[in-house]
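Notes to accompany the following structure.
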Amino acid sequence: QVQLVESGGGLVQAGGSLRLSCAASGKIFSIKCMGWYRQGPGKQREVVARITNIGATYYGDSVQGRFTISGDNAKKSVYLQMNSLKPEDTAVYYCDIANDYGNYWGQGTQVTVSS
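Rendered as C-alpha cells:
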C-alpha cells in the first residue's frame, strides 16, 4: 500500500521561508510527475508546482519566482522550497505523485503565514 507523508509545514511570518518534504512508502512504478497543490480557506485546491520525471517544472502564477520544486524519483520524494512567503500562501499543502495508473496523494500539511 502506498502512503505519502508530508512534513515541514508550520507557522511563519510574512517574508519568511519554509521547506516542505513529501516521501512515499510502498511501491510506485514509473513515476511520471510529482507535485504540490494547496487549498486555502474557502478556496478550491490549486496547483502550486509540478515536476516531471525528466525534470521539467511548472509553477502557478502566484508562486512563480518564490517557490522551487525538486524531486528524487528513486527516493519517491518531492520537495518545495518556499521563500518570500505571503499571508495569501496560507493553506493546506498536499503532495501528489502520478504514474500511468493514477495519482497518489498525501494527507496535507498546514502552512500559515502571519502578516
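Okay, so the sequence shown: first residue is 7 according to our numbering, each after it adds one.
We put the beta carbon where it would ideally sit given N, CA and C, even for glycine.
Since we're looking at a predicted model, the values are computed, not measured.
{"Asked": "D67 (DSSP reduced to helix, strand or coil)", "Found": "coil"}
{"Asked": "Cβ neighbours of V69 in the same chain (closer than 7 Å, five flanking residues each side left out)", "Found": "V54 and A55"}
{"Asked": "As assigned by DSSP and simplified to three states, the class of D95", "Found": "helix"}
{"Asked": "Alpha-carbon spacing of C28 relative to K82, whole angstroms", "Found": "8 Å"}
{"Asked": "Outcome for G108 when other beta-carbon atoms lying within 10 angstroms are tallied against a minimum of 16", "Found": "exposed"}
{"Asked": "Integer-rounded CB distance, given that V84 should sit under 8 Å from M40", "Found": "4 Å"}
{"Asked": "L24 versus A97 - alpha carbon distance", "Found": "13 Å"}
{"Asked": "Short Cβ contact (8 Å threshold) for Y110 with R44", "Found": "no"}
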